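Asks:
Numbering (my numbering), first residue to last: 213 to 514.
(1) How far does the beta strand (DSSP E) with residue 297 in it extend, from its first residue to its last?
(2) Under 6 Å Cβ to Cβ from residue 304, same chain only, skipping five residues before and after it: list those, please.
(3) Tell me whether the region 458-475 and the region 362-377 touch, counting them as touching only if at least three CB pairs, one residue from each stretch, are closer than 8 Å.
(4) In the DSSP assignment, what are the bridge partners of residue 287?
(5) Between the C-alpha atoms of residue 391 and residue 341, what's the straight-line distance to the nearest angstrom?
(6) Given this structure, state the Cα-to-Cα distance separating residue 217 from residue 492, to the nearest angstrom.
(7) So the alpha helix (DSSP H) residue 490 belongs to, where does it begin and stop?
(8) For residue 206, count the other beta carbons within 10 Å of its own beta carbon; 16 or more makes it buried, fewer makes it exposed. Which is it?
(9) Can you list, in chain order, the residues of its chain whose CB lies under 7 Å from that of residue 232, leaving out five sequence neighbours each side?
(10) Quick one: grab the DSSP three-state call for residue 255.
(11) Quick one: what's got a C-beta closer than 7 Å to residue 375's C-beta in the same chain, skipping five residues either side?
(12) Helix, strand or coil, according to DSSP, for residue 360 in the structure here?
(13) Going by C-alpha distance, which of 463, 460 and 447 is nearest residue 498?
(14) Have a look at the DSSP bridge pairing and note the partners of residue 339.
(15) Which of the three DSSP states is assigned to residue 278 in this structure?
(16) Apart from the five residues just before and just after residue 495, which ones in its own chain have a Cβ nearer than 6 Å to its Cβ?
(17) Buried or exposed: residue 269, going by 16 or more other Cβ atoms within 10 Å of its Cβ?
(18) Skipping 5 residues on each side, what residues in its chain have a beta carbon closer than 6 Å to that of residue 338?
(19) Smallest Cα separation from residue 468: which of 514, 435 and 484?
(20) Going by the beta-carbon positions, is the gap between residue 251 and residue 419 smaller than 8 Å?
(21) With respect to the beta strand (DSSP E) encompassing residue 246, which residues constitute its N-terminal and C-terminal limits?
(22) Closest to residue 312 by CA distance: which of 462, 452 and 465 is it?
(23) Is there contact here, the region 290-309 with the region 227-243, by at least three beta-carbon pairs under 8 Å?
(24) With 16 as the cutoff for other CB atoms within 10 Å, does residue 443 come out buried or exposed?
(25) Measure the Cβ-Cβ separation of residue 158 and residue 355 and say whether it is below 8 Å.
(26) Can you tell which of 455, 351 and 285 has its C-alpha closest to the C-alpha of residue 299?
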């Protein structure tokens, strides 16, 4: 885990600092670089070179949906410095989307659909495949391993048991092997992490950023993730998307195997694991929506 907290003091910028007049840290492995002529870029780091290469390739074939990568001033696309790899993105001031706003939820869905369309027909050397069942199984195992019933009330433990059982039930009946095989054969690519903070909105321009988790997978997987993040703002109702014009999104509702996956509490497990100090607050927030969410889970599991 030490790699995740490395800083400039460890020398990770030594190999690229000479190219810039100024470098300012935004967050770990993301910096704002300013050249001597005042031109700004975002410098993105990764421990795996291929993670950057795939995003450079995506930026070349997705000019309308994915952030633009540009080479360093000497023409190199990727540089290594103290076992960290770096690439430059076009500097684009702006803000994240708000999934609490209906219009911005729709913008996000449309932008992901455009990303899927722009990647269609392209061959990529550096994009892996993924198994959603394996990913979700690992997440559930981590969740159950972290439970400490003695720290919570009887009511809270009851909710934790129900959410554990729902995850187990969804995984037990999960059947997506054929869908994943077809997606790989078709060359389908998903962004892999279409969270609200992985969009940047500037004036009338909207782009996806941070394609670290881009993989070959069914397009529906991006929409399952987005719905999981959006539904808390919609009282756990699918009514908003009944008449949408995105085929892969519609398939999440009409295909029984995919529809069942909407019951998997991925957001709850994720927040639980990412913020151990905030688990009591997470339980309080979840219990406030539990009636609506439980009704929704029963509906999609029918």
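Positions of the beta carbon are idealized from the N, C-alpha and C atoms, including for glycine. This one's a predicted model, so the numbers in the text were calculated from it and none came from an experiment.
Replies: Walking through what the data contain:
(1) Position 85 of the chain shown holds residue 297. Taken as a continuous stretch (DSSP letters only), the beta strand (DSSP E) holding residue 297 covers 296-302.
(2) Position 92 of the chain shown, counted from the first residue, corresponds to residue 304. Here the set comprises 412 and 414.
(3) A contact is defined here as three or more CB-CB pairs under 8 Å, and the region 458-475 fails this definition with respect to the region 362-377.
(4) Counted from its first residue, the chain shown places residue 287 at position 75. Answer by DSSP bridge pairing: none, since residue 287 is not bridged.
(5) The sequence position of residue 391 within the chain shown is 179, counting from 1. The sequence position of residue 341 within the chain shown is 129, counting from 1. Computed Cα separation, rounded: 13 Å.
(6) Within the chain shown, numbered from 1, the residue matching residue 217 stands at position 5. Within the chain shown, numbered from 1, the residue matching residue 492 stands at position 280. Bear in mind that a pLDDT of 47 at residue 217, under 50, signals an unreliable position, so the number given afterwards is only what the model happens to contain. In this structure, the alpha-carbon of residue 217 lies about 26 Å from that of residue 492.
(7) Position 278 of the chain shown holds residue 490. No alpha helix (DSSP H) holds residue 490; DSSP gives it neither H nor E.
(8) No statement about residue 206 is possible, as the shown extent of the chain runs from 213 to 514 and does not include it.
(9) One-based indexing of the chain shown puts residue 232 at position 20. Once the five neighbours on either side are set aside, the close Cβ partners of residue 232 are 245, 246 and 247.
(10) Stepping through the chain shown from its first residue, residue 255 is reached at position 43. Reduced to three states, the DSSP call for residue 255 is strand.
(11) As a position in the chain shown, residue 375 is number 163, starting the count at 1. Hits under 7 Å: 477 and 480.
(12) Within the chain shown, the letter at position 148 stands for residue 360. Note: residue 360 maps to coil in three-state DSSP.
(13) Reading the chain shown from its first residue, position 286 is the one you call residue 498. Out of 463, 460 and 447, 447 has the C-alpha closest to the C-alpha of residue 498.
(14) By 1-based counting over the chain shown, the position of residue 339 is 127. Residue 339 pairs with nothing; no bridge assigned.
(15) Residue 278 sits at position 66 when you count from the first residue of the chain shown. In the structure shown, residue 278 sits in a strand (DSSP, three-state: E or B).
(16) Taking the first residue of the chain shown as 1, we reach residue 495 at position 283. So the list reads 368, once near-sequence residues are dropped.
(17) For the purposes of this step, residue 269 is taken as the residue at position 57 of the chain shown. Buried, by the Cβ-count rule.
(18) As a working mapping, residue 338 is identified with position 126 in the chain shown. Hits under 6 Å: 262, 265 and 266.
(19) As a first step, residue 468 is located in the chain shown; it is residue number 256 there, counting from the start. Closest option to residue 468, Cα to Cα, is 514.
(20) Taking the chain shown and counting its residues from 1, one reaches residue 251 at position 39. Taking the chain shown and counting its residues from 1, one reaches residue 419 at position 207. No, these two residues do not count as a Cβ contact at 8 Å.
(21) For this step, residue 246 is matched to residue 34 along the chain shown. Counting along the chain, the beta strand (DSSP E) containing residue 246 begins and ends at 242-246.
(22) As a working mapping, residue 312 is identified with position 100 in the chain shown. For residue 312, the nearest C-alpha among the options comes from 452.
(23) yes
(24) Start at 1 with the first residue of the chain shown, and residue 443 comes out as number 231. Result: buried.
(25) This structure cannot speak to residue 158, because the chain is shown only from 213 to 514.
(26) In the chain shown, the residue the question calls residue 299 occupies position 87. Of 455, 351 and 285, the residue nearest in Cα terms is 285.
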